[in-house]
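Right, one structure below, let's go through it.
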Amino acid sequence: MKTTLLASAMLASGFLVWKYDTRPYLLDKESDKATPICAYVTPPSAEDNTHIQVALLLDTSNSMDGLIDQAKSRLWNIINTLTTLRYKGKAPVIEISLYEYGNDGLSPASNFIRQVTPLTTDLDLISEKLFTLRTNGGSEYCGAVITEAVKSLRWGKDQADMKLIYIAGNEAFTQGRISYKEAASEAVGKNIFINTIYCGDKQEGISTNWKDGADRGHGQYFNIDSDKKVVFIETPYDGKIEACNERINQTYIGYGAYGASKKSNQIMQDKNAKSLSSANSVERYVSKSKGAYRNESWDLVDRVNQDKTVLKSISQRDLPKELQGKSVTELEALVAAKSKERESIQKEMATLGKQRQKYIDEAVKKTVTTDDLGAAINHSIVRLAAAKGYTAEN
39 MKTTLLASAM LASGFLVWKY DTRPYLLDKE SDKATPICAY VTPPSAEDNT
89 HIQVALLLDT SNSMDGLIDQ AKSRLWNIIN TLTTLRYKGK APVIEISLYE
139 YGNDGLSPAS NFIRQVTPLT TDLDLISEKL FTLRTNGGSE YCGAVITEAV
189 KSLRWGKDQA DMKLIYIAGN EAFTQGRISY KEAASEAVGK NIFINTIYCG
239 DKQEGISTNW KDGADRGHGQ YFNIDSDKKV VFIETPYDGK IEACNERINQ
289 TYIGYGAYGA SKKSNQIMQD KNAKSLSSAN SVERYVSKSK GAYRNESWDL
339 VDRVNQDKTV LKSISQRDLP KELQGKSVTE LEALVAAKSK ERESIQKEMA
389 TLGKQRQKYI DEAVKKTVTT DDLGAAINHS IVRLAAAKGY TAEN
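Under the numbering used here, residues 39 to 432 are what the sequence shown spells out, in order.
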């Protein structure tokens, strides 16, 4: 069933294809660690026609621990909202980028801004990095971090692409040498919508220019109580979905230099989600039934679904030890079996996920609240998407 949304949104990205010993690297200035870009970004397939790109700009100054907790708690719920969107019947590629700003641990020369990840389809990476964020004092330069995101990220150029920035914080929007007005103008020139989320009183956010930032960025202004704990709703379907997740994890085959570590990280992000609540972890598990949860850069099943010929050319040293020495025919049979098994589990999870969401929707009618980061973002996604001609599948 499809329903037209009163909404607009975000997404797009590029990908650098790498060969075994010629990978481009991304340097983390904080840890001085270089990581191959392939570990951050996965390639969209040739059939993908539109992108939804979301840049999350989070204030990590001292008072923002609650905001970070809400971001961790709502990530998979936001992703599951995005996965309902369709453009001309096709599911768009979903890419997310993460920035932190306003942290004294960051360089003053960078305006206390750090790009935590570029735009990426690697959703496990976004989760991993969210759980590493720590708060620490600071000056919050909203104009500077918006400008950095607008200029540095690889935004899509297709007219149908939805490109969104969400900036959240609690100090005046006017801080810093770079004007938020100029930043908003540059974003609008690239068809990027700026949505602002003030952590505090609504009128205070208006008087400190957070609403003006959203108005100039053709987006929406929200205020939230960042210290409020996210309310999770448990359902009768959660246990079955968790059992599906245990089975689906067994269908992933890590390959390449980072296959084993990325597969291990998949399990770690399951644990991180569950550390917040069992209901939150179920949101994550449901996302694995969606096309947006894609891992071509390290999972052989996803890679083969994208490129049917890859098993004929893949190096033996890029395979996990248990598969080294097998013939192409044997590999094809094994991957095909895992792919079929995953597809079956995904269908089961999708059915359970819809039943779960219906249960939650009924419960929310009795305890509705929009006063958290995820609810604000989901509301704007639903409200904005129709302007781009997107529909939602329930």
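Glycine included, every Cβ here is placed at the ideal spot set by N, Cα and C.
When the five nearest sequence neighbours on each side are left out, the beta carbons in the same chain lying within less than 8 angstroms of the beta carbon of Leu-411 are those of Leu-105, Gln-108, Ala-109, Arg-112, Ala-206, Ile-235, Ile-262 and Ser-264, in order along the chain.
Residue environment analysis places Gln-307 among the buried positions, since at least 16 neighbouring C-beta atoms fall within 10 angstroms of its C-beta. The closest CA to that of Glu-224, considering only Ser-145, Arg-332, Val-188 and Met-387, is found on Val-188. Ile-244 and Asp-103 have their C-alpha atoms spaced approximately 23 angstroms apart.
Three or more beta-carbon pairs drawn from the segment 155-166 and the segment 125-141 are found closer than 8 angstroms, and the two stretches are therefore classed as touching.
The beta-bridge partner set that DSSP reports for His-89 consists of Val-131.
By the neighbour-count definition (other C-beta atoms within 10 Å, threshold 16), Ala-252 is a buried residue. For the pair Ser-377 and Tyr-290, the Cα-to-Cα distance works out to about 9 angstroms.
DSSP places Met-200 in the uninterrupted beta strand (DSSP E) bounded by 200-207. Taking a 10 Å sphere around the C-beta of Lys-195, we find fewer than 16 other C-beta atoms and assign the residue as exposed. Nearest neighbour of Tyr-179 by Cα position, chosen from Lys-249, Asn-118, Gly-255 and Ser-217, turns out to be Ser-217. At least 9 angstroms separates the beta-carbon of Ala-221 from that of Tyr-125. In this structure Ile-184 touches Ile-232 by the C-beta definition: roughly 6 angstroms separates them, less than 8 angstroms.
Counting along the chain, the unbroken alpha helix (DSSP H) around Thr-185 starts and ends at 180-190. DSSP places Arg-152 in the uninterrupted beta strand (DSSP E) bounded by 151-158. In the displayed model, Tyr-397 falls within a helix according to three-state DSSP.
Judged by DSSP in its simplified three-state form, Glu-360 adopts helix.
The shortest CA-to-CA distance from Ser-177 to any of Tyr-259, Ser-148, Ser-351 and Gly-363 is the one to Ser-148.
At a Cβ-Cβ threshold of 9 angstroms, Arg-394 and Ile-279 count as neighbours. Inclusion of Leu-144 and Ile-132 in the CB contact set at 9 angstroms is not warranted, their separation being larger than that value. Within its own chain, the residues whose Cβ lies closer than 6 angstroms to the Cβ of Gly-257, once the five positions on either side in sequence are excluded, are Phe-231, Ile-232 and Asn-233, listed in chain order. Per the C-alpha coordinates, the member of Pro-274, Ala-388, Ser-299 and Ala-330 positioned closest to Glu-166 is Ser-299.
Inter-segment contact for the segment 322-333 and the segment 354-370 is absent: fewer than three beta-carbon pairs are separated by less than 8 angstroms.
For Ala-413, the closest alpha carbon among the candidates Asp-337, Glu-431 and Lys-266 is that of Lys-266. Residue environment for Arg-254: buried (at least 16 other C-beta atoms within 10 angstroms of its C-beta). Secondary structure of Thr-429 (DSSP, three-state): strand.
If you ignore the 5 residues before and after Ser-418, its C-beta comes within less than 6 angstroms of the C-beta of Asn-233 and Gln-258, all in its own chain and listed in chain order.
Within the same chain, Leu-390, Gln-393 and Arg-394 come within 6 angstroms of Tyr-275 by CB-CB distance, once the 5 residues on both sides are set aside. Rounded to the nearest angstrom, the gap between the Cα atoms of Thr-429 and Gly-363 is 47 angstroms. Burial is judged here by how many other beta carbons sit within 10 angstroms of a residue's own beta carbon; Gly-227 has fewer than 16 and is exposed. In this structure, Glu-272 sits near Ala-317, with a CB-CB distance shorter than 9 angstroms. From the listed residues Ser-190, Tyr-204, Gly-181 and Asn-229, the smallest Cα separation to Gln-213 is found for Gly-181.
Shortest Cα-Cα distance from Ser-99 to any of Cys-237, Tyr-204 and Trp-193 involves Cys-237.
Contact annotation, Ala-374 with Met-200: C-beta distance approximately 34 angstroms; criterion of less than 8 angstroms not satisfied.
Taking a C-beta distance under 9 angstroms as the contact criterion, Leu-314 and Val-269 do not qualify as a contact pair.
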